[in-house]
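Colleague: If you scroll down you'll find the structure; I have some questions about it.
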Ligand code: NAP
Ligand code: MG
């Protein structure tokens, strides 16, 4: 049953929020007792004090993870048994869905209807999906000389660190720990300091589900904790979602330490191409608005560049202006709110800075362009620019906010060239009525996901998710995600 705004507010007032790290199966304050504030960006109020972990906590957690992994109490379970425990974990996430959604909304400013239907529901589904998959995939018997038996198997990589961002805190964490736990690893989650609450809460639920102490741990703290994990000599793999800049640092830390496996899901500047033969321009405009305004534009796959063919530009702009009206920022706890608050002051200032830059570079405002409800919190109007050229900074750089750049083109070749002229390659879309054009353009787009006549479809786990170029390497979701958290082993047995 869905709650009203008042019911959510009452629940929020009663909420006991845990802010300590989860190490070796217990909530633990940091050794030096240091904490930092966790703030609700919709009203500026402090929600909790969070343990500020450092090197001692990292070292303790890694030692516990190593011991738990080596003991075989998790990695040595039959996949079916591990899967059963993980299914219990997924069920517990569902049982606590209201609490987790509320924590996420308070912490990150995301609308409550989204944290319920996407973030928390998606995290439970991800854990359940990998729990169900893990006893259904085996290894290979290699076709070799009959005097040999050649086995090709996959085994857990060992201790995995998951360093995750603030835009989908519980969901991005689950995309890492779901497959990593299913494969038998010990996992240490490092949530963003901007949104640590749901990851911390999951510690107790993992334990309640029966995941052994040390197999699932959570270390809140600043970006430094991510660095310490990436540099650690006893971590086998680091799975990261975040900015391209930090991703490069992490690759460097791994190279300088123990060459741990590095998997990076990074930024994007995804093109959404509207061709003149688009089957439904109003639908394309509505979808384009959702592609940039959903989650306040704090989306790695945000359709942040619309490339529109000149013949349909005016019709598209008119329909887009209308569609943008449906995306007005409001109280994230109100079930009717579609756009919440920007996660913190740093991000808010960055987004407003890009709006100023767009104006200074000669782009024309199509809609929005200002902060909203400035008395209550960090809200920004849904904003779109009509851009005179494709090389403006607002057309090239990831803004990670509700700001769309619209670029006009004349030919399909020109659209593909503009689309691919980016350091990123996470996602792309094309709108056309022509099946051949759809296939041809999709093939030419250098991106990990291409949508045709839609955007952001594919909430199910079956599609690998990740980027070409500087949008990263490796893939989350789907059975391919398991490749990141396992090592291949060849075993050759001589029979005579
Ligand atoms: P970020 O600044 O790169 O932070 C990501 C994580 O790394 C946070 O936990 C952060 O901790 C930590 N970190 C910061 N500095 C670090 C360092 N030197 N070494 C190791 N870890 C460090 O990114 P963000 O601002 O949180 O997230 C936005 C970015 O994530 C965008 O670029 C977006 O496109 C990308 N993203 C990508 C995907 C994808 O799947 N491709 C999905 C979602 C988001 P603190 O926050 O505590 O500093
Ligand atoms: Mg917060």
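Numbering (the working numbering), first residue to last: 14 to 509. Glycine included, each C-beta is placed from N, C-alpha and C at the ideal position.
Please report the straight-line C-alpha distance between residue 146 and residue 46, rounded to a whole angstrom.
Modeller: Between residue 146 and residue 46, the C-alpha separation is close to 41 Å.
Colleague: Quick one, are the C-beta atoms of residue 213 and residue 63 less than 9 Å apart?
Modeller: Their beta carbons are under 9 Å apart, which means residue 213 touches residue 63 by this criterion.
Colleague: Reducing DSSP to helix, strand and coil, say where residue 342 ends up.
Modeller: In this structure, residue 342 counts as strand in the three-state DSSP scheme.
Colleague: From what residue to what residue does the beta strand (DSSP E) around residue 464 run?
Modeller: 462-465 is the span of the beta strand (DSSP E), which, as asked, contains residue 464.
Colleague: Flag residue 255 as yes when its Cβ comes closer than 8 Å to any non-hydrogen atom of the ligand HEM, and as no otherwise.
Modeller: The ligand HEM is absent from the structure shown, which contains only the ligand NAP and the ligand MG.
Colleague: Where do the N-terminal and C-terminal ends of the alpha helix (DSSP H) with residue 507 fall, by residue?
Modeller: Element bounds for residue 507: not the alpha helix (DSSP H) but the beta strand (DSSP E), 499-507.
Colleague: For the ligand NAP, is there any heavy atom lying closer than 8 Å to the beta carbon of residue 180?
Modeller: Indeed, a heavy atom of the ligand NAP lies less than 8 Å from the Cβ.
Colleague: Is it the case that the CB of residue 240 approaches a heavy atom of the ligand NAP more closely than 8 Å?
Modeller: True, at least one ligand heavy atom lies under 8 Å from that Cβ.
Colleague: Below 7 Å CB to CB, which residues in the same chain sit around residue 98 once its five sequence neighbours on both sides are set aside?
Modeller: So the qualifying residues of the chain are 222, 223 and 224.
Colleague: Within the present structure, is the beta-carbon of residue 51 separated from the nearest heavy atom of the ligand NAP by less than 8 Å?
Modeller: No.
Colleague: Is any heavy atom in the ligand NAP found nearer than 8 Å to the beta carbon of residue 100?
Modeller: False, no ligand heavy atom lies under 8 Å from that Cβ.
Colleague: Run through DSSP, which three-state label would residue 436 get?
Modeller: The answer is coil: DSSP assigns residue 436 none of H, G, I, E or B.
Colleague: Rounded to the nearest angstrom, what separates residue 162 and residue 151 at their Cα positions?
Modeller: Roughly 16 Å separates the two Cα atoms.
Colleague: Given a cut-off of 9 Å on the beta-carbon distance, is the pair residue 360 and residue 413 in contact?
Modeller: The answer is yes: Cβ separation under 9 Å.
Colleague: Just how far apart, CA to CA, sit residue 276 and residue 190?
Modeller: If you take the alpha carbons of residue 276 and residue 190, they lie about 13 Å apart.
Colleague: Less than 9 Å between the C-beta atoms of residue 461 and residue 438, yes or no?
Modeller: In this structure, residue 438 lies closer than 9 Å to residue 461 by Cβ.
Colleague: Please list the terminal residues of the continuous alpha helix (DSSP H) segment that includes residue 182.
Modeller: It spans 182-195 - the alpha helix (DSSP H) in which residue 182 sits, taken as one unbroken run.
Colleague: For residue 484, verify whether its CB is less than 8 Å away from any heavy atom of the ligand NAP.
Modeller: Indeed, a heavy atom of the ligand NAP lies less than 8 Å from the Cβ.
Colleague: Looking at the ligand NAP, does it come within less than 8 Å of residue 43, judged from the CB to the closest heavy atom?
Modeller: No; taking the cut-off as 8 Å, the Cβ of residue 43 has no heavy atom of the ligand NAP nearer than that.
Colleague: If you check the beta carbons only, do residue 121 and residue 74 fall under 9 Å apart?
Modeller: No, Cβ-Cβ distance for residue 121 and residue 74 is not below 9 Å.
Colleague: Do you know offhand how far residue 185's Cα is from residue 81's?
Modeller: So the two alpha carbons sit approximately 24 Å from each other.
Colleague: Let me confirm a value: residue 89 is counted as buried when at least 16 other C-beta atoms fall within 10 Å, else exposed. Which label applies?
Modeller: Exposed: under 16 other Cβ atoms inside 10 Å.
Colleague: If you measure from the CB of residue 259, is any heavy atom of the ligand NAP nearer than 8 Å?
Modeller: Yes, since a heavy atom of the ligand NAP falls inside the 8 Å radius drawn around the Cβ of residue 259.
Colleague: Is the beta carbon of residue 385 closer than 9 Å to that of residue 342?
Modeller: Yes; because the gap between Cβ atoms is below 9 Å, this pair is in contact.
Colleague: Going along the chain, which residues of its own chain have a beta-carbon closer than 6 Å to the beta-carbon of residue 55, five neighbours each way excluded?
Modeller: Around residue 55: 122, 345, 354 and 390.
Colleague: Tell me whether residue 254 is buried or exposed, calling it buried when 16 or more other Cβ atoms sit within 10 Å of its Cβ.
Modeller: So residue 254 counts as buried.
Colleague: Tell me the DSSP secondary structure of residue 429 in three-state form.
Modeller: If DSSP states are grouped into helix, strand and coil, residue 429 belongs with the helices.
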